[in-house]
Every structure is written in C-alpha cells, then in structure tokens.
Amino acid sequence: WRSHSTELKTGTRFVSRMTPHPYCNPHHFRYFFGMVELATEPIKPFRLFVNYAPVELDANQLLKKWYNLRQTSAWNPLAQLTTWGRYYKDKYQPKMLLDFKLRYQIRFLEWDVCQRVIDQLAWSRFNKDLKSEINNTFCMQVSDVPNTLVSVCEHDRGAPVVWEDYLIGIVVSAAKAEHCSLINPLPFVVHSLEDAEVYWTNVERHILQYFIDNSSHVFPGLTGLVVHSDGRSIFQPEPTTTAIAWTIVGLLMLLLSAII
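As structure tokens, then:
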C-alpha cells in the first residue's frame, strides 16, 4: 500500500496559470471563482479508498438541491463542509491540522446575520454593501455551535460544500484571522456553483473532456460528456455493460493482489 500512500493519495502539484471568471468583480460575490491549470499531472486517487464528491453539473438538479437544503436544514442540517488545516506557529507537533481534513455539518442562516458582521468577514475593502443574490450567495453557519467547537475562517475560503454527495457550492467569505474563534464562530458566505456551470459547459468544456479522457483508470468506461440541448448543463452518460464488466474485473484483481 505504499504506492497508495505516497503516489495516489498525497503529493504536491504546481499551478502554471490561474484564470478568474471574466465577470469577477470586487464589489460583489457573484463570479468569485476561477480555474487553474496544473503544471504537472493531477494527483490520481485510488477510487476505492479516496472519494471525491462530483460537481453537480445539471442546472436543474443544482437549483433543486439548494432549494431542498434551505427547506430542511433548519431541523436536519445534512450539508457538509470540508476544510483544510491551519498553520499555528510554535504549537503542536506534528501539525495535525495540516495533514488531515476537517469535516462538519452546516446550516442556513438569514442573510442579515452575515450582514451584521460584515466588518469581521474577510472580503475586499471595496465591498462595503454585502448583498445576497438569489440562488447564488447564502449565509451559513456550523451546525450545533455550542457542542461542535469548530470555526470557518478566511483560510477556509474555497472549501467545498457538499449536499447529497454532490459539490454544490464553495466558501467565498469567512471570519478574518483576528476574529477566528472556536468559542464564538462567525457565520460565513457560500457561493452556489450555478454561475460556474455555465462557465464550465460553454467556455471550458474541452478541459472537462480532457479530465474525463485522462481519468479512465478511476472511472472505467467513462469516455465522454452528454450536453443538454439548452447548453447550460452536462452530465455523464449512463454506465454501459462494458463499464460494469471492467469495474468487476478491477475489483477481482484488487482482491487477488491482496490475497497474494
């Protein structure tokens, strides 16, 4: 399993180019995302042990997921947020927070809750008027704050929000470092991937196709994308008999290698 630990699970990759969304503007939260081009090949996880939540690329399904999340999270907050570690100087060794991801549940809050703490959130000095745009930006908080002792802060910006096993949003604004507190965590702002769908499907579709073409070892039989007639969303084709057969063969080979 050494190769799994050193080659398929961890590692360092460098970014050769970063491209913000063409409409990215410091005065609002919409389009506050971009794409990066890796200088080397991406880290390819061993699918059976390291899972990634796929992006919800179907526009209608994405809107439905956000709607359901808002309706149910008041009493059943199932949305999950995964953050990475924060570096603390002269503290614990080994730096556990740098080596392990943190995952917890989050829920919706009324937008005015985020509005009241705008000066404590990490954001551009140009954005003096924090605004919510329907189906795009939401105010959220960690579920069960008194018993959780976690906080979402500025070093967590870009962290993924997952609902029903699909990536549906990212954190775009959270508590500044000086206001990052486990005892009194501040709410944070999440951006829906709705705008990113259009960007990916119409502007960067060839990049998605390239990713799928080079991920056949992870998704056997996945060779193309199906584009909806409206051009707004794409989805993976239905699994074929060949794909299922190769998956079974792969599992049997894995079992055989473990026995040997």
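Residue numbering for the sequence shown follows my numbering, beginning at 3 and increasing consecutively.
A virtual CB, placed ideally from N, CA and C, is assigned to each residue, including glycine.
Keep in mind it's a predicted model, so treat the numbers as computed, not measured.
With a CB to CB cut of under 8 Å and the five nearest residues on each side skipped, what residues in its chain are close to residue i?
{"i": "Y106", "result": "Q82, L83, V144, S145, T150 and V152"}
{"i": "I18", "result": "In the sequence as presented, Ile is not what sits at residue 18; that position holds Ser. For S18, where only same-chain residues beyond five positions count, the Cβ hits under 8 Å are E39, L40 and A41."}
{"i": "N138", "result": "F31, R32, H193, S194, E196 and D197"}
{"i": "G36", "result": "M20, T21, P22, H23 and C26"}
{"i": "S183", "result": "S153 and A177"}
{"i": "F16", "result": "L40, A41 and T42"}
Can you give me the Cβ contacts of residue i inside the same chain, cut-off strictly under 6 Å, excluding the 5 residues immediately before and after it?
{"i": "W165", "result": "K67, L71 and A81"}
{"i": "W125", "result": "S175"}
Who does residue i pair with in a DSSP beta bridge?
{"i": "G36", "result": "P22"}
{"i": "F140", "result": "V192"}
{"i": "P162", "result": "I172"}
{"i": "I108", "result": "A81 and V144"}
{"i": "L123", "result": "A177"}
Are any of the Cβ atoms in chain C nearer than 8 Å to that of residue i?
{"i": "A81", "result": "The chain labelled as chain C is not found in the depicted structure, where only one protein chain is given."}
With a threshold of 16 other CB atoms inside 10 Å of the CB of residue i, please say whether the residue is buried or exposed.
{"i": "T21", "result": "exposed"}
{"i": "L132", "result": "buried"}
{"i": "P162", "result": "buried"}
{"i": "S175", "result": "buried"}
{"i": "N140", "result": "The sequence shown places Phe at residue 140, rather than the Asn named in the question. Burial call: buried."}
{"i": "I185", "result": "exposed"}
{"i": "E180", "result": "exposed"}
{"i": "L254", "result": "exposed"}
Just to confirm my understanding: we take residue i, look at its own chain, exclude 5 residues before and 5 after, and list those with CB closer than 7 Å. What are they?
{"i": "M142", "result": "I108, R109, F110, L111, P189, F190 and V192"}
{"i": "G160", "result": "I172 and V173"}
{"i": "V119", "result": "L188 and P189"}
According to DSSP, simplified to helix, strand and coil, what is residue i?
{"i": "T84", "result": "strand"}
{"i": "I182", "result": "A quick correction: the sequence has Cys, not Ile, at residue 182. The answer is coil: DSSP assigns C182 none of H, G, I, E or B."}
{"i": "V115", "result": "helix"}
{"i": "V57", "result": "strand"}
Does the Cβ of residue i lie closer than 7 Å to at least one heavy atom of the ligand ZN?
{"i": "P162", "result": "In the structure on display, the ligand ZN does not appear, and there are no ligands present to speak of."}
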